[in-house]
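Order-wise, the sequence lines are chains A and B. According to our numbering, the first sequence is numbered sequentially starting from 1. According to our numbering, the second sequence is numbered sequentially starting from 1001. The beta carbon of each residue, even a glycine, is placed where N, CA and C say it ideally should be. Owing to the predicted nature of the structure, the values given are computational and were not obtained by experimental measurement. The structure under discussion appears below in the form of structure tokens.
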Amino acid sequence: MNSDRIANRITDLIKLAGISQQEVIDELKDHYLTRIEEEVRLGVNSQKAIRETYQEIANLDGSQFVDAKLKKHKRGLFFLLLMFVSMAFYLFGPSHKIKENQKVEKEISEVVSIDPPMGSPIEQSLFNVSSEFGLRMHPKSKKKSLHRGIDILAKIGTPVLSTGDGKVTKAGFTPKAGKFVMIQHDGNYITKYFHLSDISVVVNQSVSEGEIIGKVGNSGVSMGPHLHYEVLKDEIPLNPREIINP
Amino acid sequence: MDSNKKFLNGTLNTIVLALLKDNGRMYGYEICQKTREATNNQINLTEGAIYPTLHRLEKEGLLFSTKEKVNGRVRKYYSLNQSSISEVNSQIDLLAKFAGHLRTLLKPSL
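Next up, the structure:
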């Protein structure tokens, strides 16, 4: 859990709900962070607790926080404003307001979106990438192709870790990938781990970030012991380098 | 839940005052949590209800707040003002009596 990042998102969402006083923002931020900590302490999956809290803030009605007296005062101004707005509406049409709403909705959906699995598949100190993500000459076929993940050099038997909370959707063998594991995470993220020497999870098993799912090997199409690691969002491969938390 | 909301409209102030009287200083989340625990999850105070109420009571002078750093962020605690304790007592007393009357009135249909 990256708590600074969560705190920032919570602040953004509270502002989007229409609350602008810093003191109220701070108070609500403490409320929601306490709620997440409390739920995690009681055994709720952290991603789930965070997602539900984000959703709740997105549904918050900021107008409840406006002082009642101020509301009354505002009512007078409101009618004056109504006159101007109706005039402006008549002149410029509704497109502006719709655009504004769409913008806010887009912002909310961006803020609510779920973090990718950010853990490291191999203990950070052992991290040694031999082949980066992107277009490369394939080491065996010698053809230019997209490398859909990164290759991490490691000794046979080095523990391979799940990079986020999720569920094992595949665990088995193919001639190319060798022994492999595939994990589905929240937010439509998938991670894949290839060329293992040993698999220690089964399909449908729930795993948490940092849990051992297998061991590094040299199975499948592989030129030496290493882990091929992929992250996909909506089935599109992403550069794991940019996702793994340093 | 919605019917609870209706009843809370006129009673939330007093509930908050009573909780603060019993527990000394409390922060918003703690008040929501205590209420849930005490009512077996039947009364669930929303942020949109509890914080405006606390802010109003503070403005009216019945409460005062203090701030403290907890887990690297600011937490706002509320306490009863000593000078308002008799008014708080009488509010709690009035509501308790009213609850008694309600019970009597509703009894035949229970």
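Hey, residue i and residue j: beta-carbon distance below 7 Å or not?
i         : j         : result
A:ARG148  : A:GLU242  : no
B:PHE1064 : B:ASN1081 : yes
B:ILE1043 : B:ILE1031 : no
A:LYS179  : A:ILE150  : no
A:VAL226  : A:LEU153  : Sequence inspection shows His at residue 226 of chain A; the Val mentioned does not correspond to that position. In this structure, A:LEU153 lies closer than 7 Å to A:HIS226 by Cβ.
A:SER162  : A:GLU211  : yes
A:ILE201  : A:ALA171  : Reading the sequence as shown, one finds Val at residue 201 of chain A and not Ile. For A:VAL201 and A:ALA171, yes; Cβs fall inside 7 Å.
A:GLU123  : A:ASP165  : no
B:LEU1019 : B:LYS1034 : yes
A:PHE78   : A:ILE19   : no
B:VAL1074 : A:ASP26   : yes
A:THR53   : A:ARG35   : yes
A:LYS176  : A:GLY220  : yes
A:ILE285  : A:LEU33   : Only positions 1 to 246 of chain A appear in the structure, and residue 285 of chain A is not among them; the question remains open.
A:ILE244  : A:GLY187  : no
Going by DSSP, what residues sit across from residue i in a beta bridge?
i         : result
A:ALA171  : A:VAL181
A:THR34   : Bridge partners of A:THR34: none, in fact.
A:GLY217  : A:HIS226
A:SER131  : A:ASP151
B:TYR1029 : BP columns for B:TYR1029 are empty, so no partner.
A:GLY166  : A:VAL207
A:ILE236  : A:LYS233
So what does DSSP say about residue i, is it helix, strand or coil?
i         : result
A:ILE114  : coil
A:MET87   : helix
A:THR191  : strand
A:LEU60   : coil
B:GLU1068 : strand
B:LEU1094 : helix
A:SER197  : strand
B:HIS1101 : helix
A:ILE6    : helix
A:ILE156  : coil
A:ASP26   : helix
B:ARG1075 : strand
B:MET1001 : The predicted model places B:MET1001 with a pLDDT of 46, which falls under 50 and marks its position as unreliable; any figure quoted below should be read in that light. Note: B:MET1001 maps to coil in three-state DSSP.
A:VAL231  : strand
A:LEU42   : coil
A:ILE212  : strand
A:LYS143  : coil
A:LEU80   : helix
B:LEU1054 : helix
If you count every other CB in all the chains shown that lies within 10 Å of the CB of residue i, and 16 or more means buried, which is it?
i         : result
B:GLY1028 : buried
A:VAL248  : Absent from the structure is residue 248 of chain A, since the part of chain A shown begins at 1 and ends at 246.
A:PRO246  : exposed
B:MET1001 : For B:MET1001, the predicted model reports a pLDDT of 46, less than 50, meaning its position is unreliable; a value from the coordinates is still stated below. That one is exposed.
B:LYS1107 : exposed
A:LEU84   : What sits at residue 84 of chain A in the sequence shown is Phe, not Leu. Exposed, because fewer than 16 other Cβ atoms sit within 10 Å of the Cβ of A:PHE84.
B:ASN1013 : buried
A:GLY119  : buried
A:GLN47   : buried
A:VAL216  : buried
A:ILE236  : exposed
A:LYS103  : exposed
A:ASP30   : buried
A:VAL181  : buried
A:ARG9    : buried
A:VAL168  : buried
A:PHE194  : buried
Under 6 Å from any heavy atom of the ligand SAH, does the C-beta of residue i make it?
i       : result
A:LEU60 : With respect to the ligand SAH, the structure offers nothing, as it holds no ligand at all.
Item to check | Positions along the region 1044-1062 of chain B whose CB lies within less than 7 Å of some CB in chain A | outcome: Close to chain A, meaning a Cβ-Cβ distance shorter than 7 Å, are the following residues of the region 1044-1062 of chain B: GLU1047, GLY1048, TYR1051 and PRO1052.
Checklist entry - Any residues in the region 1025-1040 of chain B with a beta carbon nearer than 9 Å to a beta carbon of chain A? Which ones, in chain order? => result Listed in sequence order: TYR1027, GLY1028, TYR1029, GLU1030, CYS1032 and GLN1033.
Checklist entry - Which of the residues in the region 44-56 of chain A, read from start to end, lie with their CB under 9 Å from any CB of chain B? => result Cβ proximity to chain B below 9 Å picks out GLU56 from the region 44-56 of chain A.
Next on the checklist: So if I threshold CB-CB distances at 7 Å, which residues from the region 1069-1080 of chain B count as touching chain A?
Outcome noted: Within the region 1069-1080 of chain B, the qualifying residues are ARG1073, VAL1074, ARG1075 and LYS1076.
Item to check | Under 9 Å (Cβ pairs) to chain B, residues found in the region 8-42 of chain A | outcome: Taking 9 Å as the Cβ-Cβ cut-off against chain B, the residues of the region 8-42 of chain A that qualify are GLU23, VAL24, ASP26, GLU27, LEU28, LYS29, ASP30, HIS31, TYR32, LEU33, THR34, ARG35, GLU37 and GLU38.
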